[in-house]
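Inspection log for the structure reproduced underneath, given as structure tokens.
2 protein chains.
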Amino acid sequence: MKSKPAYLARISDAETAIRATGDRLTQPRVAVLATLLATDHAISHLDVTDAIAHHHPIDRVTVYRVLEWLVSMGIAHRIAGDDRVWRFMLSQPPMTTAHGEAKTEEGQKENRKSNGNYAAKTHHQHAHFTCNDCGQTFCLDDMPPKLDLKLPAGFKTVDIDLKLRGQCAHCTART
Amino acid sequence: MKSKPAYLARISDAETAIRATGDRLTQPRVAVLATLLATDHAISHLDVTDAIAHHHPIDRVTVYRVLEWLVSMGIAHRIAGDDRVWRFMLSQPPMTTAHGEAKTEEGQKENRKSNGNYAAKTHHQHAHFTCNDCGQTFCLDDMPPKLDLKLPAGFKTVDIDLKLRGQCAHCTART
DNA sequence: GTTGCATATGCAATCAAGTCGCAAATCGTA
DNA sequence: TACGATTTGCGACTTGATTGCATATGCAAC
Chain A
18 MKSKPAYLAR ISDAETAIRA TGDRLTQPRV AVLATLLATD HAISHLDVTD AIAHHHPIDR
78 VTVYRVLEWL VSMGIAHRIA GDDRVWRFML SQPPMTTAHG EAKTEEGQKE NRKSNGNYAA
138 KTHHQHAHFT CNDCGQTFCL DDMPPKLDLK LPAGFKTVDI DLKLRGQCAH CTART
Chain B
18 MKSKPAYLAR ISDAETAIRA TGDRLTQPRV AVLATLLATD HAISHLDVTD AIAHHHPIDR
78 VTVYRVLEWL VSMGIAHRIA GDDRVWRFML SQPPMTTAHG EAKTEEGQKE NRKSNGNYAA
138 KTHHQHAHFT CNDCGQTFCL DDMPPKLDLK LPAGFKTVDI DLKLRGQCAH CTART
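Sequences listed follow chains A and B, in order. Per the numbering used here: the first sequence ends with 192, consecutive numbering throughout. Per the numbering used here: the second sequence ends with 192, consecutive numbering throughout.
Laid out in structure tokens, this is it:
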């Protein structure tokens, strides 16, 4: 199915980004991050495992842990799917980097800083789109929607997740 | 903990609503729906099971199935939690009925009709708020936010889920 | 009121995502 | 090159949810 692993092309980008974190540069981390770099939609730990295992074996627990590490570094973020499976994708949607240059060290560090405990002031906001046909989840953070929303008195919002479902451009074109 | 099962007070309301579906009126269905009617936030199947089991034993599988049935009838809807646990609450938030009158048969029938396969035109929209402190999830459908959002070309939205996290009124007051 | 049958329930077994503990391997440094 | 801290891999385990099937139940026809 996956004849030539697409993630191989992103390995050096992945290495750069991982080195920028200051943590250890390991094969599994490189492979997982390269996989994320090579995709434009959110993928599950299983997707990651499959994509990599094709090329060289990797333990699923390791994938879980690397993914979690990437999230804690602010490099990736997780999305709760409707099938109660976590999906992951880069914090900066790869659309902006996939055909350009990899993330810079500064970018990573900034992400990292703002991550640790982001409970405070910032309204963290994400928007995702899941296609009912192909099941893929895309990140819409490029176009943050304006929300006009008033909460009941006393409610304080810290974090906003907008999840859209429908038909993606690709599936629309096919019908 | 739950000294007097609150759901008992809602049993006749539940019976009315279930009869309105045309399907069988069974003890488990009544008990589960009455439990949902008696709460103002989204609860898990386990919450439902516990609440009922206190009064008379019920199998957890039955709870799953009844909950699923309620969703298919359009009476309840499910919310994917951050802990990969489904939570359920009435489609019409019970705040509007809890201290007033139970849902009418007409209301139920209407729900049911619009549910079956709602893929078509309607933008189904839900807004939920989960408290980071107490963990409770509330339905904010009373105050639909206005969304100003443009999707990439070709994307068609059918369904919108807005999930907010923060601190609920109760927990805010306590701090 | 009784009977028959479709439908729901209860139980046990099973599935799958995700986590934990620990020994062995690996990375970066002294 | 060797050492020590960090990661990885493996197996066992947890837990929410699902499936199959025999039994029980609701409802309608008689």
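For glycine and all other residues, C-beta sits at the position ideal for the given N, C-alpha and C. Predicted model only: the values in this text are computed from it and were never measured.
Residue interval of the alpha helix (DSSP H) (run including Cys-188/A): Numbered from its first residue, the first sequence carries residue 188/A at position 171. For Cys-188/A, the uninterrupted alpha helix (DSSP H) segment begins and ends at 186-191.
Members of the segment 95-106 of chain B that neighbour chain A once the beta carbon cut-off is set at 7 Å: Ala-97, Asp-99, Arg-101
Inspect the CB distances between the segment 32-49 of chain B and the segment 84-91 of chain B and report whether three or more fall short of 8 Å. yes
Does the structure place the segment 49-68 of chain B close enough to the segment 151-158 of chain B that three or more beta carbon pairs sit under 8 Å? yes
For Ala-26/B and Ala-55/B, believed in contact at Cβ under 8 Å, the rounded distance: Taking the second sequence and counting its residues from 1, the one referred to as residue 55/B is at position 38. Taking the second sequence and counting its residues from 1, the one referred to as residue 26/B is at position 9. Sure, about 7 Å apart at Cβ, within 8 Å.
7 Å Cβ cut-off: residues of chain B touching Gly-183/A: Taking the first sequence and counting its residues from 1, the one referred to as residue 183/A is at position 166. Correct list: Phe-172, Lys-173, Thr-174, Val-175, Asp-176.
Which residues in the same chain as Val-102/B place their Cβ atom closer than 6 Å to its Cβ, once the five residues preceding and following it in sequence are excluded? On the second sequence, residue 102/B is found 85 positions in, with the first residue counted as 1. The answer, listed in chain order, is Ser-61.
If you pair each beta-carbon of the segment 170-182 of chain B with each one of the segment 165-178 of chain A, do three or more pairs fall below 8 Å? yes
Closer than 9 Å by beta-carbon distance: list the chain A residues that pair up with Ala-190/B, in chain order. Start at 1 with the first residue of the second sequence, and residue 190/B comes out as number 173. Those are Gly-171, listed as they occur along chain A.
Using DSSP with H/G/I as helix, E/B as strand and the rest coil, what is Ala-26/A? On the first sequence, residue 26/A is found 9 positions in, with the first residue counted as 1. Helix, per DSSP.
List the residues of chain B that Leu-179/A touches, going by C-beta distances under 9 Å, in chain order. Here residue 179/A refers to the residue found at position 162 when the first sequence is read from its first residue. The answer, in chain order, is Leu-164, Leu-166, Ile-177, Asp-178, Leu-179, Lys-180.
Within its chain, find whatever has a CB closer than 7 Å to the CB of Ala-119/A; leave out the 5 residues flanking it on each side and keep chain order. Against the first sequence, residue 119/A aligns to sequence position 102. Reliability fails at Ala-119/A, whose pLDDT of 35 lies under 50, so the model's placement of it is uncertain and no value is given.
Quick check on DSSP: helix, strand or coil for Arg-182/A? By 1-based counting over the first sequence, the position of residue 182/A is 165. In the structure shown, Arg-182/A sits in a strand (DSSP, three-state: E or B).
Coil, strand or helix - Ile-35/A by DSSP: Here the question's residue 35/A lines up with position 18 in the first sequence. When DSSP states are grouped into helix, strand and coil, Ile-35/A belongs to the helix group.
Considering only their Cβ atoms, is the gap separating Lys-163/A from Leu-164/B smaller than 9 Å? Counted from its first residue, the second sequence places residue 164/B at position 147. Counted from its first residue, the first sequence places residue 163/A at position 146. In contact: Leu-164/B and Lys-163/A (Cβ atoms closer than 9 Å).
Closest Cα partner of Cys-185/B within the set Asn-149/B, Gly-171/B, Phe-172/B, Lys-167/B: Within the second sequence, the letter at position 168 stands for residue 185/B. The residue with the shortest Cα to Cα distance from Cys-185/B is Asn-149/B.
Please check the pair Gly-43/B and Met-90/B, which I expect to be a contact at CB under 8 Å, by giving their CB distance rounded to whole angstroms. Stepping through the second sequence from its first residue, residue 43/B is reached at position 26. Stepping through the second sequence from its first residue, residue 90/B is reached at position 73. Checking the sequence, you will find Thr at residue 43/B rather than Gly. That belief does not hold up - the Cβ atoms of Thr-43/B and Met-90/B are roughly 13 Å apart, past 8 Å.
Beta-carbon proximity list for Ser-108/B, same chain, < 8 Å, skipping 5 on both sides: Taking the second sequence and counting its residues from 1, one reaches residue 108/B at position 91. These residues qualify, in order along the chain: Gly-91, Ile-92, Ala-93, His-94, Asn-128.
State buried or exposed for Thr-192/B, treating a residue as buried only when at least 16 other CB atoms are found within 10 Å of its CB. Counted from its first residue, the second sequence places residue 192/B at position 175. By the beta-carbon neighbour count (other beta carbons within 10 angstroms, threshold 16), Thr-192/B is exposed.
Drop a sphere of 10 angstroms on the beta-carbon of Val-78/A, count the other beta-carbons inside from all chains shown, and report buried for 16 or more, exposed for fewer. What you label residue 78/A is simply residue 61 of the first sequence in a count that begins at 1. The residue is exposed, with fewer than 16 neighbouring Cβ atoms inside 10 Å.
Under the three-state DSSP convention, the category Arg-104/B falls into: By one-based count along the second sequence, residue 104/B stands at place 87. Arg-104/B falls in the strand class under three-state DSSP.
Sorted by chain position, which residues of the same chain lie with C-beta nearer than 8 Å to Val-80/B's C-beta, five sequence neighbours on each side aside? Looking up residue 80/B in the second sequence gives position 63. So the qualifying residues of the chain are Pro-45, Val-49, His-62, Val-65, Thr-66, Ile-69.
Pull the bridge partners of Thr-147/A from the DSSP assignment, please. As a working mapping, residue 147/A is identified with position 130 in the first sequence. Beta-bridge pairing links Thr-147/A to Thr-154/A, Arg-182/A.
Alpha carbon of Thr-114/B to alpha carbon of Tyr-24/B, nearest angstrom: For the purposes of this step, residue 114/B is identified with residue 97 of the second sequence, where counting begins at 1. For the purposes of this step, residue 24/B is identified with residue 7 of the second sequence, where counting begins at 1. Any reading at Thr-114/B needs caution, since the residue's pLDDT is 35, under 50, leaving its predicted position unreliable; the model's value is listed next. The straight-line gap from Cα to Cα measures roughly 14 Å.
Leaving out five residues before and five after Arg-41/B in sequence, what residues of the same chain have Cβ atoms less than 6 Å from its Cβ? The sequence position of residue 41/B within the second sequence is 24, counting from 1. Nothing meets the Cβ criterion.
Bridge partners for Lys-173/A per DSSP, in chain order? Numbered from its first residue, the first sequence carries residue 173/A at position 156. For Lys-173/A, which the question treats as bridged, DSSP gives the partners Gln-184/B.
So the candidates are Ile-75/B, Phe-146/B, Lys-173/B; which of them puts its Cα closest to the Cα of Leu-168/A? Numbered from its first residue, the first sequence carries residue 168/A at position 151. Comparing alpha carbon positions, the residue from Ile-75/B, Phe-146/B, Lys-173/B closest to Leu-168/A is Phe-146/B.
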